[in-house]
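If you count by this note's numbering, then the sequence shown holds residues 2 to 226, one letter each, in order.
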Amino acid sequence: MAAEHDAYEGAVPDDALMAAILGEPLPPGSAEAADVAVLREQVGLIGRVLSEPPGPPERAPAAAGRGRRRRHRVVLGALAVTCAGAFLSGAAWLVTQGGTAGTGDSAASGVADSGGKAAAPFGSPGYLACARLVAEGTVTEVRPASGDGGLRITVRITRPYVPRTASGEVTFLTEEVPGAGDRVLFGLPAHGVRPDALFLGEAEIAPERARVTAALPQARTLTCG
């Protein structure tokens, strides 16, 4: 894909407005480029009309001539204002479209970061302040849970976050299907035996680890309640 196209794909919404105002090129063949071209043509037409020198004075009665010229200027002025408003409206539309696209991209990115899972609460200092245990570890045992359904897994803690002194092994229930030896990141609520979230493998763990480490400093200043 061309570098120019990539630049526009990652641009913030204001770039389309600034490109329209400053005369910079927009992505070729895009709807934005076509709209801006039409708006520029209309504004240019009004500019040419307004810049034309006045014609020779008519020999009609002075009062009538002044009235016609005044009406002519009023009509042109109104038309110029209308076209200017259309230009600004079109530019605002470009910003709106850019903002909508950016929002969609951000939402899609959020889902992709977690491997398609719902967003975890690990980025919330309030959640971390109240969680019973948030840690990474290695699965050492997986067995069916009697009566409760799902699986009962045992994890050896290798990297504790909350509390930072946690160690040893922990057992909890889950609907996920990890295997012995799998690396996991999980969070257990203050009450309950099922994790709020469970991520398997480094590809899923890495983005959540970043959220945890970013939120921990503030979380350690909070009191749950």
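Think of the CB as a built atom: it goes at the ideal place given N, C-alpha and C, for glycine as much as any other residue.
Residue nearest to Glu203 in terms of C-alpha spacing, selected from Leu189, Pro126, Arg184, Val178: In the sequence shown, residue 203 corresponds to position 202, counting from 1. Ranking Leu189, Pro126, Arg184, Val178 by Cα distance to Glu203 puts Arg184 first.
Ignore the nearest five residues each way along the sequence and tell me which others in Glu170's own chain have a CB closer than 6 Å to its CB. Locating residue 170 in the sequence shown gives position 169, where the first residue counts as 1. So the qualifying residues of the chain are Thr155, Arg157.
Test item: CB-CB of Val163 and Val135 under 8 Å: Stepping through the sequence shown from its first residue, residue 163 is reached at position 162. Stepping through the sequence shown from its first residue, residue 135 is reached at position 134. At the C-beta level, Val163 and Val135 come within 8 Å of one another.
Gly182 burial status per 10 Å Cβ neighbour count (16 or more: buried): In the sequence shown, the residue the question calls residue 182 occupies position 181. Burial is judged here by how many other beta carbons sit within 10 angstroms of a residue's own beta carbon; Gly182 has fewer than 16 and is exposed.
Range of the contiguous beta strand (DSSP E) that encloses Pro196: By 1-based counting over the sequence shown, the position of residue 196 is 195. For Pro196, there is no enclosing beta strand (DSSP E), as DSSP marks it with neither H nor E.
Presumed contact (8 Å Cβ cut-off) between Arg153 and Leu174, rounded CB distance: Within the sequence shown, residue 153 is the residue found at index 152, counting from 1. Within the sequence shown, residue 174 is the residue found at index 173, counting from 1. Indeed they touch by this definition, with Cβ atoms about 6 Å apart.
Which residue spans inside the region 115 to 162 form an unbroken beta strand (DSSP E) run of at least 3? Positions of the beta strand (DSSP E) runs, each at least 3 residues long and wholly inside the region 115 to 162, are given as 134 to 145 in order along the chain.
N- and C-terminal bounds of the beta strand (DSSP E) containing Thr172: Taking the first residue of the sequence shown as position 1, residue 172 is located at position 171. DSSP places Thr172 in the uninterrupted beta strand (DSSP E) bounded by 170 to 175.
Report, in whole angstroms, the separation of the C-beta atoms of Ala130 and Leu199, which I expect to be a contact under 8 Å. For the purposes of this step, residue 130 is identified with residue 129 of the sequence shown, where counting begins at 1. For the purposes of this step, residue 199 is identified with residue 198 of the sequence shown, where counting begins at 1. Wrong, their Cβ atoms sit about 20 Å apart, outside the cutoff.
State the start and end residues of the unbroken alpha helix (DSSP H) segment that holds Val213. If you number the sequence shown from 1, residue 213 lands on position 212. DSSP places Val213 in the uninterrupted alpha helix (DSSP H) bounded by 202 to 220.
Helix, strand or coil for Leu223 per DSSP? Residue 223 sits at position 222 when you count from the first residue of the sequence shown. Three-state result, Leu223: coil.
Is Gly138 buried or exposed, if buried means 16 or more other CB atoms sit within 10 Å of its CB? Along the sequence shown, one-based indexing puts residue 138 at 137. With 16 or more Cβ atoms within 10 Å of its Cβ, Gly138 is classed as buried.
Who are the near neighbours of Pro126 in its chain, counting only those whose CB is closer than 7 Å to its CB and skipping five residues on each side? By 1-based counting over the sequence shown, the position of residue 126 is 125. Here the set comprises Ala216, Gln219, Ala220, Leu223.
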